[in-house]
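Participant: Residue numbers (the numbering used here): 150 to 696. Think of the CB as a built atom: it goes at the ideal place given N, C-alpha and C, for glycine as much as any other residue. These numbers come from a predicted model, not from an experiment. One structure follows; several queries about it will come next.
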């Protein structure tokens, strides 16, 4: 493999660990826990792993550990730092006993079920330290939720003598880890299951999980490019840039990037839903900012848009729900109608409110809503080019305002979607340290006989030596939600809190950013240099953890 100069230099970086993990540790148990909601239902579903105490690791006396084998799975979408979780886990189990072995299951949870694995040796691990991506063993989206999958997995775990399995994933993957831990505990199989919190979306967090890994690096990667666009925008002074950012269920990425780059506009999906805003409300808000800037001679600007915005607009949500039901029942008739007549056909069949909204949509978006379905027959909202939808509708509104004399400027738009560009970036120093600590903490949870826990590293706005390592029972984060028509136990998603410090900080200055050109240019992630440049956590964490 040909390596870049950065890869070669980065391989030598030694991630920092919390001081408590640098020697022998002992698990200090806290109070028993309960789930965030639906306590009775969750307790009934998880009798063996419910109510366990919080764990904090503190310095202890050295002791000997018998040899053991451990398995690891990367699950779901990629996030910067996954390789360092595996490196930390590997170093942790080797420190417990050099005879310990680590097995990686190939291409996600499916590798466990299909018995597709490889041993991860020191020479393999060393090739991947401090690198982005999940390519050491690959990832996948197979859900572990059926008994036959658990049993197939157990066959290979037993064959390889694996005592513990670490699942690195987001809220769904860690929900599966919790179900698997409960199943193996109920069967007395002697297999521990530990989770690690991953997702660039930043929606897996709570009091004990301050941030999910990869969020820091992804936001810094996107902010660099947003800053570059802002500088270009301020140089040419003739374009409005509409930038869609990853984050389907929550707007954490859009908010963090706004705090880092100070764009003219950033839409927060959770606020749109809370204020019951319509699509026209959002378009009018953007158009008014464009018109006000034009009146001051500024025919340019930047707009940040979260990927999942459409699903948070209450009226659009109702339209999509009616479309899903109608097309599921009348799909054949719809498909038999001439393409040029399909739009009128749908408008004639929808309720009055939804027909009016559908009719107001640009042709391309209306077609995406009515044609592109997923295997369950639902609209694939992630495919909707929200950035183009908004800019087209803003252009239409401004044209009408121009005729009325309410808009005196010019409006030309450019479109961008930043998604995959951030998922496999080389991890920032924060993520390199945080991920290594999460993996190392997982090894200590295993050594202390824990199962059904998620690796937890807190106090993350302090220097790494002061971080607090431990474990949180996964059942503590769960509630019951309707999924595919059934009530299921799932980890509660953390959405942007409108009364939280990060959003309040943004809301206090956005009107100024809208009028002025107050852009900030963060530049690329810095891996070497002064700590204030290289080791800063996200603005979100700094606001949330401000004492």
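1. Would you report the Cα separation of residue 275 and residue 181, rounded to the nearest angstrom?
2. Look at the alpha carbon of residue 600 and the alpha carbon of residue 337, and state the distance between them as a whole number of angstroms.
3. Can you give, in chain order, each stretch of the alpha helix (DSSP H) that sits fully within the segment 638 to 683 and has at least 4 residues?
4. Could you tell me the alpha carbon to alpha carbon distance between residue 491 and residue 467, rounded to whole angstroms?
5. So does the segment 585 to 595 actually touch the segment 241 to 254, counting three or more Cβ pairs closer than 8 Å?
6. Pick out the complete alpha helix (DSSP H) segments inside the segment 417 to 496, 4 residues or longer, and give them in chain order.
7. Helix or strand or just coil, what does DSSP make of residue 567?
8. For residue 253, I'd like the list of residues in its chain whose CB is within less than 6 Å of its CB, leaving aside the five on either flank, ordered along the chain.
9. On the three-pair Cβ rule with 8 Å, is the segment 325 to 343 touching the segment 608 to 625?
10. Can you list, in chain order, the residues of its chain with a C-beta nearer than 6 Å to that of residue 217? Leave out the 5 residues immediately preceding and following it.
11. Taking residue 420 as the reference, which of 410, 431, 504 and 412 has the closest Cα?
12. Run through DSSP, which three-state label would residue 715 get?
13. Do the segment 193 to 206 and the segment 541 to 559 meet, that is, are 3 or more Cβ pairs less than 8 Å apart?
14. Return the bridge partner residues of residue 181 from the DSSP annotation.
15. Please give me, in chain order, every unbroken run of the alpha helix (DSSP H) with length at least 4 that falls completely inside the segment 316 to 366.
16. For residue 540, which beta-bridge partners are listed by DSSP?
17. When we look at the beta-carbon of residue 679 and count the other beta-carbons within 10 Å, is it buried (16 or more) or exposed?
18. Does the beta-carbon of residue 153 have 16 or more other beta-carbons within 10 angstroms, so that it is buried, or is it exposed?
19. With a threshold of 6 Å on Cβ separation, who are the neighbours of residue 427 within its own chain once the five nearest residues in sequence on each side are excluded?
20. Can you list, in chain order, the residues of its chain whose CB lies under 6 Å from that of residue 694, leaving out five sequence neighbours each side?
21. Would you kindly report the start and end of the unbroken beta strand (DSSP E) that includes residue 622?
22. Quick one: what's got a C-beta closer than 6 Å to residue 241's C-beta in the same chain, skipping five residues either side?
23. Secondary structure at residue 255, three-state DSSP: helix, strand or coil?
24. Inspect the beta-carbon positions of residue 662 and residue 412 and report whether they are closer than 9 Å.
25. Less than 9 Å separating the beta-carbons of residue 321 and residue 640?
26. Less than 7 Å between C-beta atoms, sequence neighbours within five positions excluded: which residues of the same chain meet that for residue 355?
27. Go ahead and label residue 417 buried or exposed: buried means 16 or more other beta carbons lie within 10 angstroms of its beta carbon, across all protein chains shown.
28. Spatial neighbours of residue 628 within its chain, please: C-beta separation below 6 Å, excluding the five flanking residues on both sides.
29. How big is the Cα-Cα spacing for residue 146 and residue 450?
30. Looking only at DSSP bridge pairs, what is residue 314 linked to?
31. Below 8 Å on the Cβ atoms is my contact criterion, and I expect residue 370 with residue 570 to pass it. Report the Cβ-Cβ distance as a whole number of Å.
32. If you reduce the DSSP assignment to three classes, tell me which class residue 557 lands in.
33. Does the distance from the CB of residue 517 to the CB of residue 533 come in under 9 Å?
34. For residue 207, which option in 224, 177, 213 and 231 has the closest C-alpha, if you only look at C-alpha atoms?
35. Taking 8 Å as the line, does the beta carbon of residue 190 fall inside it for any heavy atom of the ligand NAP?
Facilitator: Here's the rundown:
1. Residue 275 sits at position 126 when you count from the first residue of the chain shown. Residue 181 sits at position 32 when you count from the first residue of the chain shown. In a straight line, the C-alpha of residue 275 is about 39 Å away from that of residue 181.
2. Counting from one through the chain shown, the residue named residue 600 turns up at place 451. Counting from one through the chain shown, the residue named residue 337 turns up at place 188. Each residue's Cα considered, the two are about 12 Å apart.
3. 650 to 664 and 680 to 683
4. Walking along the chain shown from the start, residue 491 turns up at place 342. Walking along the chain shown from the start, residue 467 turns up at place 318. Roughly 20 Å separates the two Cα atoms.
5. yes
6. List check, alpha helix (DSSP H) in window: 418 to 423, 428 to 444, 458 to 461 and 463 to 485.
7. The residue given as residue 567 occupies position 418 in the chain shown. Residue state, collapsed to three classes: strand.
8. Position 104 of the chain shown holds residue 253. Here the set comprises 221, 267, 269 and 286.
9. For the pair of segments examined, the segment 325 to 343 was found to touch the segment 608 to 625: the number of CB pairs separated by less than 8 Å reaches three.
10. Within the chain shown, numbered from 1, the residue matching residue 217 stands at position 68. Once the five neighbours on either side are set aside, the close Cβ partners of residue 217 are 249 and 312.
11. Numbered from its first residue, the chain shown carries residue 420 at position 271. That would be 431, whose Cα lies nearest to the Cα of residue 420.
12. The requested residue 715 is not part of the displayed model; the chain covers only 150 to 696.
13. no
14. Along the chain shown, one-based indexing puts residue 181 at 32. For residue 181, which the question treats as bridged, DSSP gives the partners 202.
15. Here the runs fully enclosed are 320 to 335.
16. For the purposes of this step, residue 540 is identified with residue 391 of the chain shown, where counting begins at 1. In DSSP, residue 540 forms no bridge with anything.
17. Translated into the one-based positions of the chain shown, residue 679 becomes position 530. By the 10 Å Cβ count, residue 679 comes out exposed.
18. Position 4 of the chain shown, counted from the start, is the residue given in the question as residue 153. With fewer than 16 other Cβ atoms within 10 Å, it is exposed.
19. Indexing the chain shown from 1 puts residue 427 at position 278. Contacts found: 464.
20. In the chain shown, the residue the question calls residue 694 occupies position 545. Only 610 meet the Cβ criterion.
21. Here residue 622 corresponds to residue number 473 of the chain shown, with the count starting at 1. It spans 617 to 622 - the beta strand (DSSP E) in which residue 622 sits, taken as one unbroken run.
22. In the chain shown, the residue the question calls residue 241 occupies position 92. These residues qualify, in order along the chain: 589 and 592.
23. As a working note, residue 255 is residue 106 in the chain shown. Coil.
24. Taking the chain shown and counting its residues from 1, the one referred to as residue 662 is at position 513. Taking the chain shown and counting its residues from 1, the one referred to as residue 412 is at position 263. Between residue 662 and residue 412, the C-beta spacing is below 9 Å.
25. As a working mapping, residue 321 is identified with position 172 in the chain shown. As a working mapping, residue 640 is identified with position 491 in the chain shown. Yes, the Cβ-Cβ distance between residue 321 and residue 640 is below 9 Å.
26. By 1-based counting over the chain shown, the position of residue 355 is 206. Counting only Cβ-Cβ distances below 7 Å, and skipping sequence neighbours, we find 626 and 643.
27. The residue you call residue 417 lines up with position 268 of the chain shown. Classification of residue 417: buried, given that the 10 Å Cβ count is 16 or more.
28. If you number the chain shown from 1, residue 628 lands on position 479. Within the same chain, residue 628 has close Cβ partners 185, 186, 187 and 641.
29. Residue 146 lies beyond the stretch modelled for the chain, which goes from 150 to 696, so this question has no answer here.
30. Taking the first residue of the chain shown as 1, we reach residue 314 at position 165. DSSP output for residue 314 lists 220 and 342 as bridge partner(s).
31. Translated into positions along the chain shown, residue 370 becomes position 221. Translated into positions along the chain shown, residue 570 becomes position 421. The pair is a contact, with the Cβ atoms about 6 Å apart (cut-off 8 Å).
32. Counted from its first residue, the chain shown places residue 557 at position 408. Residue 557: coil per DSSP, three-state reduction.
33. Reading the chain shown from its first residue, position 368 is the one you call residue 517. Reading the chain shown from its first residue, position 384 is the one you call residue 533. Cβ distance < 9 Å, so residue 517 and residue 533 count as in contact.
34. As a working note, residue 207 is residue 58 in the chain shown. Residue 207 has its Cα closest to that of 177, out of 224, 177, 213 and 231.
35. Inclusion of the ligand NAP in the displayed structure is not the case, the ligand content being empty and no account of it being possible.
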